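Asks: Mind having a look at this structure? Questions to follow.
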Amino acid sequence: MSTRPGQSLAQRKRQLVSDELTEAALQLLALKGFDAVTVDEIVATAGVSKRTFFRYFASKEDVVVQFLADMGADMRAELAERPTDEPPALALLHAVRVPVTTCAADSERALRVVQLILRTPALLARFLERQAQWRDDLADELARRVGRDAGTDLFPRLAAGTALTAFHVVLQRWSESDAAQDPVTLLEDAFTVIAPSLTPPTA
C-alpha cells in the first residue's frame, strides 16, 4: 500500500517496512504455497530481522490478512458518509464498492492476496472472522441510519450480512476468473439480485 498524505516520517517508514514484508511474503507464498513458507524465509527475503517482523505482525497469516485489514473501517466510513435519505441498498452498495474498487485498482497484487485467502483454510478462517466483525460494524451504522436498534431489530444485521455475502461471492467469482471479470460490475450485478431484501420492513 502506498503512503497517505499527512503521514509523518516515522509513519511513512513504518508503512514502507510493512509493505516490504507483505510483498516478500506474497512472492514466497505464491511460489511455494502458504504451508511451506516460514517467517525466517520472509524476513530473509525482506532483509529485516525476525524481531522487526513481530513488531509489525503477530504471525505469517497476519501478513496476508493485513492487505484487507482496513476494508471494514473503509466500508463503515463510507456508509456513515452516505446521504441520510439514501435507500439502504444503495448506501450498502456504495460502502462495499470501496474495497472492491481498491481490488480493481491494484488487481495484480489484490488477486494474489484474495486467491491465497480463499484457497488457504487458515487464512479463510481469519478472513471470515473479520467479516463477522465488519457485519456488526455495518449493522450498527445501518441501524443508526434507519432509526432501529441493532441489538433487537433483525433488519440491520441481516442486511449487513447479506451485503457482505455479496462481497464474498464477488471476490470468489473474481478470483476464479483470474481477474478477467470486472469486480465492480460483478458487485453491481450481485446487488441487483439482493436489493429487494435490503429494504427495511415497515413497522
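Numbering-wise (numbering that gives the first Met the number 0), the sequence shown opens with residue 0 and increments by one.
Quick reminder that beta carbons are idealized off the backbone N, C-alpha and C, glycines included.
Keep in mind it's a predicted model, so treat the numbers as computed, not measured.
Helix, strand or coil for R111 per DSSP?
Replies: Indexing the sequence shown from 1 puts residue 111 at position 112. Of the three classes helix, strand and coil, the one that applies to R111 here is helix, per DSSP.
Asks: Going by C-alpha to C-alpha distance, which of F166, L197, V64 sits closest to D18?
Replies: Numbered from 1 along the sequence shown, position 19 holds the residue referred to as residue 18. That would be V64, whose Cα lies nearest to the Cα of D18.
Asks: Taking the straight line between their C-alpha atoms, what separation do you get for M0 and D139?
Replies: Translated into the one-based positions of the sequence shown, residue 0 becomes position 1. Translated into the one-based positions of the sequence shown, residue 139 becomes position 140. Reliability of the predicted coordinates at M0 is poor, the pLDDT of 46 falling under 50, and no value is obtained from them.
Asks: Do you know offhand how far F33's Cα is from A104's?
Replies: Translated into the one-based positions of the sequence shown, residue 33 becomes position 34. Translated into the one-based positions of the sequence shown, residue 104 becomes position 105. Straight-line Cα distance between these residues: approximately 25 Å.
Asks: Does DSSP put G71 in a helix, a strand or coil?
Replies: Stepping through the sequence shown from its first residue, residue 71 is reached at position 72. Three-state result, G71: helix.
Asks: Rounded to whole angstroms, what is the Cα-Cα separation between T2 and E22?
Replies: If you number the sequence shown from 1, residue 2 lands on position 3. If you number the sequence shown from 1, residue 22 lands on position 23. Summary for T2: the model assigns pLDDT 48, below 50, so the residue's position carries little reliability; its value from the coordinates is reported in the next sentence. Each residue's Cα considered, the two are about 15 Å apart.
Asks: Measuring only the C-alpha atoms, how far is T101 from R50?
Replies: As a working mapping, residue 101 is identified with position 102 in the sequence shown. As a working mapping, residue 50 is identified with position 51 in the sequence shown. Taking the straight line joining both Cα atoms gives about 31 Å.
Asks: When you compare only the Cα positions, how much space is there between A76 and D69?
Replies: As a working mapping, residue 76 is identified with position 77 in the sequence shown. As a working mapping, residue 69 is identified with position 70 in the sequence shown. Rounded to whole angstroms, A76 to D69 spans 11 Å at the Cα level.
Asks: Buried or exposed for A35, please, with buried defined as at least 16 other CB atoms from any protein chain shown within 10 angstroms of its CB.
Replies: Your numbering for residue 35 matches position 36 in the sequence shown. Its Cβ having fewer than 16 others within 10 Å, A35 is exposed.
Asks: Report buried or exposed for K31, applying the criterion of at least 16 other Cβ atoms within 10 angstroms of its Cβ.
Replies: Here the question's residue 31 lines up with position 32 in the sequence shown. Exposed: under 16 other Cβ atoms inside 10 Å.
Asks: Using 7 Å as the limit for Cβ to Cβ distance, is A194 near chain D?
Replies: Annotation note: the requested chain D is absent from the structure, which comprises a single protein chain.
Asks: Once the 5 residues before and after A79 are set aside, which same chain residues still bring their CB inside 7 Å of it?
Replies: The residue given as residue 79 occupies position 80 in the sequence shown. For A79, where only same-chain residues beyond five positions count, the Cβ hits under 7 Å are E140.
Asks: Could you check how far apart the C-beta atoms of I41 and F53 are, in whole angstroms? I think they sit under 8 Å.
Replies: The sequence position of residue 41 within the sequence shown is 42, counting from 1. The sequence position of residue 53 within the sequence shown is 54, counting from 1. In fact, because the Cβ distance is near 11 Å, the residues do not count as touching under 8 Å.
Asks: Decide yes or no for the touch test of the segment 149-166 against the segment 121-128: beta carbon pairs closer than 8 Å, at least 3 of them.
Replies: At 8 Å Cβ cutoff, the stretches do not touch.
Asks: Please list the terminal residues of the continuous alpha helix (DSSP H) segment that includes F154.
Replies: Residue mapping note: residue 154 aligns to position 155 of the sequence shown, counting from 1. Unbroken alpha helix (DSSP H) run through F154: 153-175.
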